[in-house]
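Down below is the structure, laid out as structure tokens.
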Ligand code: OGA
Ligand code: MN
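Numbering (our numbering), first residue to last: 5 to 218.
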């Protein structure tokens with residue numbers, strides 16, 4: 005199944021906003037059937053499919069838990085929901101490459117489950133000079149989120165401590181930003197919180213190394 009006309013209008017809007025601001029937040033943006041399939045799939049995954057996420061190479065278990073406490077499950081095309089999500093992400097990639105010449109090459113993404121009390125402290129998804137993650141995509145799978153549930157995504161300017169944006173992890177909301185430019189964090193959640201985080205990478209191959217295979 006390919007992308008629809010309304011997907012391509014959405015992709016154009018995302019391209020415009022990323023071009024202008026480097027970031028874009030859109031409510032009710034993910035197609036409803038796709039959100040529904042992903043929300044059902046993530047809630048049905050058995051516990052053993054989730055694992056504690058790592059951060060970099062050196063961080064030990066305790067350090068990791070101080071920074072992030074979510075559990076993740078990588079998404080592939082072995083299920084209908086996973087496949088539909090990857091088709092959508094590929095359509096967005098093509099639109100962004102067409103409009104912005106970003107040269108996005110590959111996409112990787114995972115479900116994340118934050119249990120009550122879980123958080124993810126301020127971090128960047130990519131570091132300048134390491135040509136890996138270029139663009140971050142986050143989407144939320146939580147119907148009827150309320151203010152008292154916490155779990156907001158705070159996005160900061162490159163330098164500075166006053167958040168630019170506070171986003172509730174509400175079903176259908178999509179957040180896209182340049183991975184190297186926006187520090188962000190997930191505030192402690194009061195209730196189970198489901199999201200997808202994904203990253204587009206450019207193909208930074210040289211004689212010794214071919215990403216993303218390495
Ligand atoms: C991440 C991340 C944000 C969110 O996984 O890197 O920042 O709101 N996730 O789930
Ligand atoms: Mn992040």
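No residue lacks a Cβ here, since even glycine has one placed at the ideal position from N, Cα and C.
The structure presented is a predicted model; accordingly, all values stated were derived computationally and were not measured.
Open item on the list: Run the Cβ filter for me: residues under 7 Å from any heavy atom of ligand 2, listed in the order they occur in the chain.
Closed with: 124, 127, 129, 140, 188, 201
TODO: State the Cα-Cα distance for the pair residue 156 and residue 17, rounded to the nearest angstrom.
DONE: 23 Å
- [ ] Reducing DSSP to helix, strand and coil, say where residue 143 ends up.
- [x] strand
- [ ] Could you tell me which residues DSSP pairs with residue 180 in its beta bridges?
- [x] 28, 141
- [ ] With DSSP as the reference, label residue 89 as helix, strand or coil.
- [x] helix
Task: For residue 75, three-class secondary structure by DSSP - done: strand
- [ ] Would you list the residues sitting across from residue 158 in a DSSP beta bridge?
- [x] 170, 189
Open item on the list: What does the alpha-carbon distance come out to for the pair residue 74 and residue 113?
Closed with: 14 Å
TODO: Quick one: grab the DSSP three-state call for residue 12.
DONE: helix
Task: Counted within 10 angstroms of its Cβ, other Cβ atoms place residue 203 as buried (16 or more) or exposed - done: buried
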